[in-house]
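Below is one structure; the comments refer to it alone.
In this note's numbering, the protein residues as written are 1061 to 1210.
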């Protein structure tokens, strides 16, 4: 798969996350944050299970054989889901999404810079810091605009 197509798919995945956040935010208001999150993870478990059964090639290592810290990543999805379900109805999908992206960018830059979690180190540059500042400024403008309209 070429790099352009891969990046396009990542952008589409980000768009889908915003749609998911908006839908789950409304569902969370109706049935509760935990029930909305549970539905997402049950459906995700069933779909992923079917994909594993029909499409996943065999691997030499199982989930039980990997370093235990690598299993902790699954917990972060639960935290993300519950926070977004609670936040979207209060601050809106766009502001919540930009806030998530700001957090992702900040942590991504730290992981890259220090080579944490077994990833290759990529030095922090002025352009990366500028991008972070621009995104933080965008969040401030979006939040202030939303607060004025409310």
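Backbone N, C-alpha and C fix where the C-beta goes; we use that ideal spot for every residue, glycine too.
The structure displayed is predicted, hence computed values, not measured ones.
Whole-Å CB distance - residue i paired with residue j, under 8 Å assumed
i	j	result
residue 1171	residue 1195	Not really, about 17 Å apart at Cβ, beyond 8 Å.
residue 1145	residue 1088	4 Å
residue 1203	residue 1148	That pair is no contact at about 13 Å.
residue 1138	residue 1199	Incorrect: roughly 24 Å between the Cβ atoms, too far for contact.
Residue i: first and last residue of the uninterrupted alpha helix (DSSP H) it sits in
i	result
residue 1198	1186-1209
residue 1109	1093-1115
residue 1123	That residue, residue 1123, is in no alpha helix (DSSP H); it is neither H nor E in DSSP.
residue 1131	1128-1131
Same chain, Cβ closer than 6 Å to residue i, five either side skipped, listed in chain order
i	result
residue 1075	none
residue 1093	1142, 1145, 1146
Coil, strand or helix - residue i by DSSP
i	result
residue 1078	helix
Cutoff 7 Å; reference residue i; Cβ partners in own chain excluding five residues on either side
i	result
residue 1175	1181
residue 1036	Because residue 1036 is not part of the residues shown, which for the chain are 1061 to 1210, the question remains open.
Spatial neighbours of residue i in its chain, beta-carbon cut-off 8 Å, leaving aside the 5 residues before and after
i	result
residue 1131	1123
At which residue ranges does the segment 1136-1168 contain complete beta strand (DSSP E) runs of 3 or more residues, listed in the order of the chain? none
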